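Asker: So the first sequence is residues 1224 to 1642, counted in this note's numbering.
First the structure, which I've put down as C-alpha cells, then a few questions once you've had a look.
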Amino acid sequence: MAQNNFSTHHGMVDILPEEAAKWQYLESLIRDVARSFHFEEIRTPILEQTELIARGIGALTDIVSKEMFAFSRGEDNYVLRPEGTAPVARAYIQHSLQQRGGTQNLFYIGPMFRAERPQKGRQRQFHQFGAEVLGSADPLADAEIIAFMMEVYKRIGVKNMVLKLNSVGDPESRAAYKTALQDYFRPFLSQLSEISQARFDKNPMRILDSKEPEDQHIKANAPKITDYLNEDCSNHFEKVKSHLDRLGITYILDPFLVRGLDYYTKTAFELTSSDLGGQDALGGGGRYDLLIEELGGKATPAVGFASGMERLLIVCEELGIELAKPKSVDVYIVTRGEVAQAWAMENIRTIRETGLSATMDLSGKSMKAQMKDADRKGARFAIIVGEDELQQGLVNFRVMADSTEESISFTDALAKLNT
RNA sequence: GAGCCUGUAGCUCAGUUGGUUAGAGCGUCAGAUUGUGGCUCUGAAGGUCGUGGGUUCGACCCCCAUCAGGCUCCCCA
C-alpha cells in the first residue's frame, strides 16, 4: 500500500470495468435512437469561456452563481461546462451551422460539472445525453425532441416515469404573469419561506418551484401561467400537446413547472421517476427561442432536452434491468514454456484476424493458473500448447463447456473455431 | 451552503462495560493434481480500524476536528 493515498475529488467517481460495460450499452442504445431519429452527434470542448455560460444560463441561476468550476489562465477565463445546450448553441453560431441547411438536429453525450454537494444521483462530474433541434419555431420540433427522449427510456424498459409539461411563455406573456404573480403573493409575503421572499422581486416564478412546506398552501391557489399566455404561446402549447397525444406520449400538465435555467421560453418539460429518491429528475428540457440571439447569433428558435446518465443507471438498478451481459473471451491460449509463449504471441493474431476475441497469459503463470484464468474469463475454447505439441505440429483444442479435448493441427483448430 | 446518520481486509460484515498478537464469509494467490478450469480440502497474502488531534496506565470503542459516503433541504441531470 502506498504511503500517499490519492483518491478522486469529492463528488467524482471512477467507472470501473463492470460499470463501464453498462455505460457502453446505454451509450450504444442512445446512439441507436439518434440514428433512427437521424440526429447527428456533436462534440464540444469540456472547457468553455466563463462568459458564455454566465450569459447563456443566466447570472442569477444557482448554476452560475455558485456551482461553476472556473479558473483563469492569463487573459482567458475557463469553466468546466455545467450543461450542454449553451455550448451547442455557441458551436451553432461559431460555425454558421444554419448554412448546412434545414434544421440542425444534434445530440451529444458527455461529462458535465457542477460544484454542488454530492448525494445519490448527484455528482460533481456527471454525464448527460441530450438533443437539440436548432432553427425551428414549430411545435413539431418540440414534439420530436420529447419523442426522442421518451424513446430512449422506452427502449430500455424504464417504468414509473411521469412526464410533466408546461409552458413558461415568452417575455410578453411572462411580464403579464409576473405582475399577476406578485399581486397574488404580496399579501402573503411575510408568510412565505425566506427563499421565496428573496425570489419575490427578481423571479417570482421560482416561488412556484418551492418545496418549502409553508409555501405549499399559498402557492396552491396562485395564478397559472397558462392563463396568461398570449395567443402565439397558447397556440404553440396546444399544438405541442396535440402532437404528443397523437404520438401516444402521456404527460401531466404542471402549471408550476419552472426550470432553473433562464433561457427557456414556451415549452418546458421534465421527466421524473419515483425510483430515484430525492433527486427525482431523469431529464428535462424545453424551448429556448432567445438563447442564440442572446449569445450573439441571428435570432434562431430552438428546443432541446438533457438527461442524466447516472440517474438512468440508478433507475435501471432499481427496476432490475440488466444492461450488460458478462463479457467472455472466445479463445484462451494456454502455454507451457517460453517456446510455446512465443508461438502463442505470434499466432494469437491469426485467431483475432478471424474476428474472434483471443487472449493468453501475460505473466508466466502455471498451466493450472492459466486454465483457471480461462475459466474466469468465460473462454469458450482453450488452445493448449507446449513444446511437445509444437514439435509434432499439433495443439490441444479444448471445448471448455464439456471438457472435451483433441489433439489437432492449429489450422484444424482455426476451422473448428468458426463452426 | 444547512441539518441528521455512517466510515473495521478488494467486497459484505462481526468485534463483549475502553484491556495484550483485530476476526469471519466471499474474492485473490499458492499447494493437494511434478502439463489442464469449474467441486472439495489445505495454506498464504491482504488492515497505519477513513485521517489528524485529545482524554486515559491503556482507544476500533469515549471527545473534538477533518475527509469521504448516505438521507433530508436547497437545486438540478
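For each residue, glycine too, the CB sits at the ideal point set by N, CA and C.
All of these numbers come straight from a predicted model, not from anything done at the bench.
#1: Among the residues of its own chain, which have a CB less than 6 angstroms from the CB of Q1348, if the five just before and after it don't count?
#2: Once DSSP output is grouped into helix, strand and coil, what is the label at M1224?
#3: Can you check the region 1285-1352 for any alpha helix (DSSP H) of at least 4 residues that lies completely inside it and give the ranges in chain order?
#4: Quick check: the region 1310-1318 against the region 1515-1529, are there 3 or more CB pairs under 8 angstroms?
#5: Take the Cβ of Q1226 as the centre, count every other Cβ of all protein chains shown within 10 Å, and call the residue buried at 16 or more, exposed below.
#6: May I have the straight-line CA-CA distance separating H1350 from E1533, to the nearest angstrom?
#7: Among L1640, E1264, R1572, N1458, which has the Cα closest to the Cα of G1392?
#8: Please list the segments of the alpha helix (DSSP H) lying wholly inside the region 1437-1522, counting only runs of 4 or more residues, in order along the chain.
#9: Using the rule of at least 16 other Cβ atoms within 10 Å of the residue's Cβ for burial, across every protein chain shown, is V1645 buried or exposed?
#10: Going by beta-carbon coordinates alone, are A1364 and V1526 separated by less than 7 angstroms?
#11: Taking the beta carbon of P1305 as the centre, do at least 16 other beta carbons fall within 10 Å, making it buried, or is it exposed?
#12: Quick one: residues in its chain with C-beta nearer than 6 angstroms to the C-beta of S1433, no 5 flanking neighbours on either side, listed in chain order?
#13: Taking C-alpha atoms, which residue in V1311, N1426, P1394, L1476 lies nearest to G1483?
#14: Of the choices E1242, I1286, S1230, N1300, whose alpha-carbon is the least far from that of E1545?
#15: Please list the terminal residues of the continuous beta strand (DSSP E) segment that includes V1538.
#16: With H, G and I counted as helix, E and B as strand and the rest as coil, what does DSSP make of G1587?
#17: Could you say which of S1626, A1624, F1620 lies nearest to K1639 if we only look at CA atoms?
#18: From Q1593, E1250, V1375, M1568, pick the residue whose C-alpha is nearest to that of I1472; which is it?
#19: Cutting at 7 angstroms between CB atoms, please list the residues of its own chain near G1344, excluding the five before and the five after it.
#20: Is the beta carbon of L1357 sitting closer than 7 angstroms to the one on F1492?
#21: For the beta strand (DSSP E) containing R1621, name the first residue and the last one.
#22: Sorted by chain position, which residues of the same chain lie with C-beta nearer than 6 angstroms to A1602's C-beta, five sequence neighbours on each side aside?
#23: To the nearest angstrom, report how far apart K1289 and G1353 are at their CA atoms.
#24: Within the continuous alpha helix (DSSP H) that includes G1417, where are the two ends?
#25: Please return the same chain residues whose Cβ sits closer than 8 angstroms to the Cβ of T1577, not counting the five positions on each side in sequence.
#26: With a cut-off of 8 angstroms on the beta carbons, I'd call N1453 and E1395 a contact; round off their distance for me.
#27: One question on the structure: do E1355 and L1320 come within less than 7 angstroms of each other, judged by their Cβ atoms?
#28: Between the alpha carbons of Y1301 and Q1272, how many angstroms are there, rounded?
#29: Measure the CB-CB distance between T1490 and G1509 and report whether it falls below 7 angstroms.
#30: With a threshold of 16 other CB atoms inside 10 Å of the CB of A1565, please say whether the residue is buried or exposed.
#31: Strictly by DSSP, which residues pair up with G1527?
#32: With distance defined between alpha-carbon atoms, name the residue in T1582, L1239, A1563 nearest to E1610.
#33: How about F1423 and F1260: do their beta carbons lie closer than 7 angstroms?
#34: Just how far apart, CA to CA, sit Q1615 and A1592?
#35: Counting only the same chain and skipping the five closest in sequence on each side, list residues whose C-beta sits under 7 angstroms from that of Y1407.
Answerer: Reading from the atomic positions:
#1: Contacts found: M1235, P1334, F1336.
#2: Low confidence applies here, because M1224 scores a pLDDT of 30, under 50, leaving its location unreliable; read the following figure in that light. Correct three-state label for M1224: coil.
#3: If we require 4 residues or more, the alpha helix (DSSP H) runs fully inside the region 1285-1352 come out as 1285-1289, 1308-1317.
#4: By the Cβ test, the region 1310-1318 is in contact with the region 1515-1529, since at least three Cβ pairs between them sit closer than 8 angstroms.
#5: Confidence at Q1226 is low in this model, with a pLDDT of 37, below 50, so the placement of that residue should be treated as unreliable; the coordinate-derived value is given next. Q1226 comes out exposed.
#6: Answer to the nearest angstrom: the Cα atoms are 7 angstroms apart.
#7: Of the residues L1640, E1264, R1572, N1458, the one whose Cα lies closest to the Cα of G1392 is N1458.
#8: With a minimum length of 4 residues, the continuous alpha helix (DSSP H) runs that stay inside the region 1437-1522 are 1454-1470, 1514-1517.
#9: The question about residue 1645 has no answer, for the chain in this structure spans 1224 to 1642.
#10: Their beta carbons are under 7 angstroms apart, which means A1364 touches V1526 by this criterion.
#11: P1305 sits buried, since 16 or more C-beta atoms from the chains shown fall within 10 Å of its C-beta.
#12: Leaving aside the five residues that flank S1433 on each side, the residues in its chain whose CB is nearer than 6 angstroms to its CB run, in chain order, S1419.
#13: It is N1426.
#14: Closest by alpha carbon: E1242.
#15: Here V1538 belongs to no beta strand (DSSP E); instead the alpha helix (DSSP H) covers 1532-1542.
#16: Coil, per DSSP.
#17: Cα-wise, what sits closest to K1639 is F1620.
#18: With distances taken between Cα atoms, I1472 lies closest to V1375.
#19: Correct list, in chain order: L1499, G1500, Q1502, E1533, R1534, I1537.
#20: In terms of Cβ geometry, L1357 and F1492 do not form a close pair [threshold 7 angstroms].
#21: Per DSSP, R1621 belongs to the beta strand (DSSP E) from 1618-1622.
#22: Within the same chain, V1552, Y1555, M1623 come within 6 angstroms of A1602 by CB-CB distance, once the 5 residues on both sides are set aside.
#23: Between K1289 and G1353, the C-alpha separation is close to 24 angstroms.
#24: One point to set straight first is that residue 1417 is Glu, not Gly, in the sequence displayed. Unbroken alpha helix (DSSP H) run through E1417: 1417-1425.
#25: The beta carbon of T1577 lies closer than 8 angstroms to those of L1637, L1640, N1641 in the same chain, with the five residues before and after it left out.
#26: Going by Cβ atoms, the distance from N1453 to E1395 rounds to 6 angstroms, so yes, they are a contact pair.
#27: Going by C-beta atoms, E1355 is not nearer than 7 angstroms to L1320.
#28: Y1301 and Q1272 have their C-alpha atoms roughly 5 angstroms apart.
#29: Taking a C-beta distance under 7 angstroms as the contact criterion, T1490 and G1509 qualify as a contact pair.
#30: When all chains shown are included, A1565 counts as exposed.
#31: Bridge partners of G1527: E1355, G1509.
#32: Out of T1582, L1239, A1563, the CA that lies nearest to the CA of E1610 is found in A1563.
#33: Contact: no.
#34: Within the model, the alpha-carbon separation for Q1615 versus A1592 is close to 25 angstroms.
#35: If we look at Y1407 and ignore the five residues flanking it on each side, its Cβ neighbours are A1445, P1446.
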